[in-house]
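Structure first, commentary second.
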Amino acid sequence: MPAARVLADYFDRIVVIESDTLPGGASPRPGVPQSQHLHVLLAGGQRALSSLFPGLEQTLAAAGAQVLQVSTASEWQYPGYESFPKRDLGFPAFCMTRPLLESVVRNHCAAIAHMTTRQRCRAQRLTASEDGERVTGVACLHSDGSVENIQADLIVDASGNGQLTLNLLAALAIPAPRETVVSVGMGYSTTMFEIPANPPAEWRMVATLADPPANRRSAVLAPVEGRRWMVTLAGRHDSKPPEDEAAFMEFARQLRTRTIYNAIREAKRCAPILRYGFKASRWRHFETMERFPSGLIPIGDTICRFNPIYGQGMSVAAKEAHLLRGLLQSALEKGTNLSSLPCAFLAQTPSIIDAPWTTSVIPDFLDPLTAGERPPDLEGSLIFGAALRRLAYEDGDIHRLMLEVQHLIAPRSILREPAIVARVMAVSARAKEPSGCQR
Ligand SMILES: Cc1cc2nc3c(=O)[nH]c(=O)nc-3n(C[C@H](O)[C@H](O)[C@H](O)COP(=O)(O)OP(=O)(O)OC[C@H]3O[C@@H](n4cnc5c(N)ncnc54)[C@H](O)[C@@H]3O)c2cc1C
Numbered sequence: 009m010p011a012a013r014v015l016a017d018y019f020d021r022i023v024v025i026e027s028d029t030l031p032g033g034a035s036p037r038p039g040v041p042q043s044q045h046l047h048v049l050l051a052g053g054q055r056a057l058s059s060l061f062p063g064l065e066q067t068l069a070a071a072g073a074q075v076l077q078v079s080t081a082s083e084w085q086y087p088g089y090e091s092f093p094k095r096d097l098g099f100p101a102f103c104m105t106r107p108l109l110e111s112v113v114r115n116h117c118a119a120i121a122h123m124t125t126r127q128r129c130r131a132q133r134l135t136a137s138e139d140g141e142r143v144t145g146v147a148c149l150h151s152d153g154s155v156e157n158i159q160a161d162l163i164v165d166a167s168g169n170g171q172l173t174l175n176l177l178a179a180l181a182i183p184a185p186r187e188t189v190v191s192v193g194m195g196y197s198t199t200m201f202e203i204p205a206n207p208p209a210e211w212r213m214v215a216t217l218a219d220p221p222a223n224r225r226s227a228v229l230a231p232v233e234g235r236r237w238m239v240t241l242a243g244r245h246d247s248k249p250p251e252d253e254a255a256f257m258e259f260a261r262q263l264r265t266r267t268i269y270n271a272i273r274e275a276k277r278c279a280p281i282l283r284y285g286f287k288a289s290r291w292r293h294f295e296t297m298e299r300f301p302s303g304l305i306p307i308g309d310t311i312c313r314f315n316p317i318y319g320q321g322m323s324v325a326a327k328e329a330h331l332l333r334g335l336l337q338s339a340l341e342k343g344t345n346l347s348s349l350p351c352a353f354l355a356q357t358p359s360i361i362d363a364p365w366t367t368s369v370i371p372d373f374l375d376p377l378t379a380g381e382r383p384p385d386l387e388g389s390l391i392f393g394a395a396l397r398r399l400a401y402e403d404g405d406i407h408r409l410m411l412e413v414q415h416l417i418a419p420r421s422i423l424r425e426p427a428i429v430a431r432v433m434a435v436s437a438r439a440k441e442p443s444g445c446q447r
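Here is the structure:
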């Protein structure tokens with residue numbers, strides 16, 4: 009929808025092709041099975057969405073999204089830290105279910121007269137010009153069995169799985185893009201509880217993070233609309249969370265701290281327990297392809313699926329929509345045609361993906377069972393990350409910088425500025441002394 013919103017400023021007619029029946033309100037739907045699990049919207053994604061949908065933050069809040077100041081209201085329990093300092097880092101976080109976010113975004117789009125959505129319509133195949141240089145349309149199957157060929161000047165593949173793009177490349181005998189794959193073996197279990205009449209005063213959100221391999225269990229409890237806590241348990245490999253209630257509670261009890269367990273053990277559960285398996289993060293490097301057809305833009309998960317525990321996917325997709333807007337605007341101003349748009353877009357996607365990919369893949373390798381392409385200087389990055397966290401614990405300015413990078417509102421390079429590196433290295437040296445600090 010963010011990509012469709014961008015196209016609406018530059019094209020006469022936008023058609024969104026959606027295989028699901030879209031609910032009128034904030035209800036889950038089968039095409040996005042992950043939507044019943046906690047979906048954190050990072051500040052970078054929130055800002056990108058707000059600039060595409062002015063007034064989004066107010067609409068979200070009015071619809072019941074919970075607005076938390078980062079990180080005064082959050083209890084962050086990193087390995088080695090029972091509780092990270094609660095400081096006002098100057099930006100809010102919106103907590104809501106993914107279906108609520110989707111429905112609010114859909115309502116914003118509904119006001120765009122030249123955008124229509126074909127529901128219960130499955131995109132089956134992308135069609136291309138005879139010479140295979142240009143994508144010309146989409147062959148779609150409607151729920152009544154009829155087939156429609158929709159012609160278009162530009163097609164955005166936001167299908168999540170990217171199969172349409174990969175099938176087209178295969179049909180055109182274009183080699184598939186190189187992939188970086190990191191196997192993380194994640195399992196999720198999620199449910200919701202009514203927030204009790206007297207919830208703990210010290211926090212509104214809690215994240216208890218794993219300390220692999222000793223403890224592979226993580227969990228996040230966040231307030232969402234309808235005075236509910238959404239609780240997602242996450243575990244890796246042999247520690248995947250279960251589906252039945254007793255085992256769910258036992259998993260929560262075995263987290264590194266009892267904060268979440270204590271909060272939910274007397275609370276009333278108000279949703280089923282649902283599971284989701286996520287095997288591997290995968291980055292398709294379309295940007296390195298020697299040949300790519302014009303008229304086609306892969307976006308979002310079609311390009312890169314991140315380990316969901318870091319909450320990055322929606323924000324990256326929203327930032328990519330933003331990038332698309334910038335390129336369309338520049339093409340309009342320069343009067344250039346659209347044939348070079350896909351390559352220009354794909355060439356710039358690493359500038360959006362690199363930082364969240366690195367931010368997630370490096371800590372993933374703390375678990376010895378993580379498999380795949382290791383980032384360069386993994387050992388050094390892990391040591392740097394641990395020392396940076398220690399420094400952030402001690403110093404509010406560094407804490408803010410660390411969170412701004414995590415929330416995709418500051419470049420990762422900011423943490424490599426010489427003054428910061430010197431301080432991080434001093435902490436790292438201190439940690440090697442006999443009285444060394446926690447990780
Ligand atoms: C368990 C889990 C938890 C997550 N938590 C977070 C989080 O906390 N924060 C975050 O930012 N991200 C999170 N993510 C990632 C996030 O869900 C994705 O990155 C994001 O939804 C990607 O958007 P997308 O548009 O690329 O694909 P999707 O959101 O998957 O949307 C694809 C759409 O295309 C439709 N579709 C697919 N194929 C067809 C077809 N052939 N024809 C017609 N329609 C089709 C689907 O019905 C769907 O509407 C999580 C992911 C998982 C798995």
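Add 8 to a position in the sequence shown, counting from 1, and you land on the number used in the working numbering. Heads up, the beta-carbon is just placed ideally off N, CA and C, and yes, glycines get one too. Keep in mind it's a predicted model, so treat the numbers as computed, not measured.
- For T135, there is no enclosing alpha helix (DSSP H); the enclosing beta strand (DSSP E) covers residues C129 to A136.
- In terms of Cβ geometry, M104 and V24 do not form a close pair [threshold 8 Å].
- Within the DSSP bridge table, the entry for W237 names F201 and P231 as partners.
- Shown here for W211: same chain residues with a beta carbon closer than 6 Å to its own, the five before and five after excluded, namely E83 in chain order.
- For the options V164, E202, A400 and H407, the alpha carbon positioned closest to that of R333 is the one of V164.
- Look at L354: its beta carbon is at least 7 Å from all of the heavy atoms in ligand 1.
- Linking S167 to G308 through their CA atoms gives a straight-line distance of about 8 Å.
- Excluding five sequence positions before and after L416, the CB atoms of its chain that fall closer than 8 Å to its own CB belong to L50, A51, G52, G53, Q320, S323, V324, K327, A363 and P364, given in chain order.
- Distance from the CA of A427 to the CA of M297, rounded to the nearest whole angstrom, comes to 38 Å.
- Sequence-distant Cβ neighbours of S59 in its own chain, meaning closer than 8 Å and more than five residues away, are H330.
- For the pair L411 and S191, the CB atoms are not nearer than the 8 Å cut-off.
- Exclusion of the five residues before and after D161 leaves F19, G303 and L346 as the residues of its chain whose Cβ lies within less than 8 Å of its Cβ.
- Between S368 and F314, the CB-CB gap stays under 8 Å.
- In this structure the segment 181 to 189 does not touch the segment 269 to 284; the number of beta carbon pairs closer than 8 Å is below three.
- The bridge partners DSSP lists for F353 come to none.
- Per DSSP, C103 is one residue of the beta strand (DSSP E) stretching across F99 to C103.
- In the displayed model, H150 falls within a strand according to three-state DSSP.
- Under the three-state reduction of DSSP, P107 is assigned to helix.
- In this structure, DSSP gives W211 a state outside helix and strand, which the three-state scheme calls coil.
- In the displayed model, D403 falls within coil according to three-state DSSP, outside both helix and strand.
- When only Cα atoms are considered, D405 and A101 end up about 19 Å apart.
- For Q320, the shortest separation between its Cβ and any heavy atom of ligand 1 lies below 7 Å.
- Taking 7 Å as the cut-off, one finds at least one heavy atom of ligand 1 near enough to the beta carbon of T310.
- Taking D385 as reference, the option from R133, H45 and T366 with the minimal CA-CA separation is T366.
- Under the three-state reduction of DSSP output, I422 falls in the helix class.
- Only residues of its own chain outside the window of five on either side were considered, and among them S368 have a CB closer than 6 Å to the CB of Y318, listed in chain order.
- In the DSSP assignment, the residues bridged to L282 are T198.
- Note on R408: 16 or more other CB atoms within 10 angstroms of its CB, so buried under the neighbour-count rule.
- Using a cutoff of 7 Å, the CB of I361 does not count as near ligand 1, since none of the ligand's heavy atoms is closer than that.
- G234 and K94 have their C-alpha atoms roughly 25 Å apart.
- Residue state for P306 is assigned as strand, using DSSP reduced to three classes.
- With the rule of 3 Cβ pairs closer than 8 Å, the segment 30 to 38 counts as touching the segment 110 to 130.
- In the DSSP annotation of this structure, the continuous segment of the beta strand (DSSP E) that includes Q85 starts and ends at S82 to Q85.
- Relative to ligand 1, V48 has its C-beta within less than 7 Å of a heavy atom.
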